[in-house]
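Here is the structure we will look at.
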Amino acid sequence: MLQSGSTELQPSPHVSMPGDIRALLLDDSNFDRARIRRLSQRTGLSIQFDEVDSIDAMDQAVINENYDLILIDYRLPVGDGLVALDHILQNDQNRDAGKIMITGNGAVDTAVQAMRGGCHDYLRKDDMDEEMLHCAIVNALTVARERRAQTANLQEQQGMIKDALLNAMNDQELRKNVVTMFKKEFDSITALRKARLTDLSPAEIDALISGFSEEDDFIFH
């Protein structure tokens with residue numbers, strides 16, 4: 001069951017949040033969802049909520065919409081918050097959203113598991129107030145944004161390194177040096193074996209080195 005609601009308030013002067021925050025709230029309790037909505041209205045943030053009461057409903061919501069923020073109640077009638085988190089992480093559209101796990105008091109192990117599993121923050125339901133909710137939302141959105149930027153930067157750097165390697169392999173002098181180095185290392189490693197790189201013809205060696213320039217051959221970790 002998907003329900004929608006919005007909190008049309010001015011953003012807090014202490015944070016910079018572009019436009020409305022699109023949020024999904026997963027909780028099977030009507031009372032708790034209403035309480036979180038009321039608290040959100042006091043945070044000073046502009047939040048538009050969609051609400052679901054099951055993992056199945058959440059799965060449908062994350063297929064249909066893009067969310068900035070997802071709040072997940074750990075205790076659910078079918079499955080739990082960690083199962084829901086895993087489903088979100090498998091969704092290309094929303095895996096990078098800010099994620100907050102809502103736990104019971106004293107559920108430290110659950111909070112640790114959630115943070116290690118991909119959540120950006122957690123809240124204890126029983127003592128949650130508007131200040132805690134505000135801090136958790138801002139922190140989750142900020143950390144999620146920073147991680148997206150780090151991932152984008154890493155991918156850009158990997159692309160630059162890959163392009164540099166491909167360009168370098170087109171340099172004839174460098175290719176010659178690589179062949180020489182490869183032959184030396186190969187002979188050292190296979191000194192007791194019959195198979196020698198020197199048995200290869202120049203054309204075969206050139207084909208071997210040329211294979212390095214194929215894009216799919218470069219794997220970066």
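Under full-length UniProt numbering, the final residue of the sequence shown carries the number 221; numbering is consecutive throughout. All residues carry an ideal CB built from backbone N, CA and C; glycine is no exception.
Option in the options with minimal Cα separation from residue i
i: Asp50; options: His134, Ala23 and Ala97; result: Ala23
i: Leu71; options: Phe182, Pro77, Glu131 and Lys99; result: Lys99
i: Val52; options: Phe186, Glu185 and Phe31; result: Phe31
i: Met58; options: Val83, Gln172, Thr110 and Tyr122; result: Val83
Beta-carbon gap between residue i and residue j smaller than 9 angstroms
i: His120; j: Asn139; result: yes
i: Met132; j: Ile36; result: no
i: Glu130; j: Ser46; result: no
Boundaries (first-last residue) of the beta strand (DSSP E) holding residue i
i: Leu85; result: It is not in any beta strand (DSSP E) - Leu85 instead sits in the alpha helix (DSSP H) that spans Gly81 to Leu89.
i: Phe39; result: Checking the sequence, you will find Leu at residue 39 rather than Phe. Taken as a continuous stretch (DSSP letters only), Leu39 belongs to no beta strand (DSSP E), being part of the alpha helix (DSSP H) at Asn30 to Ser40.
i: Arg124; result: Asp121 to Arg124
i: Asp50; result: Ile47 to Val52
i: Arg22; result: Ile21 to Leu26
i: Asp73; result: Leu69 to Asp73
Distance between beta carbons of residue j and residue i, contact taken as under 8 angstroms
i: Tyr74; j: Asp68; result: With a Cβ gap of about 21 angstroms, Tyr74 and Asp68 do not count as contacting.
i: Leu76; j: Gly118; result: Going by Cβ atoms, the distance from Leu76 to Gly118 rounds to 17 angstroms, so no, they are not a contact pair.
Cα-Cα separation between residue i and residue j, rounded to whole angstroms
i: Arg124; j: Arg116; result: 17 angstroms
i: Glu146; j: Asn170; result: 36 angstroms
i: Asp27; j: Thr103; result: 11 angstroms
i: Lys176; j: Ile21; result: 57 angstroms
i: Asn64; j: Ser29; result: 23 angstroms
Extent of the continuous alpha helix (DSSP H) run through residue i
i: Arg116; result: Val108 to Gly117
i: Asp59; result: Ile55 to Asn64
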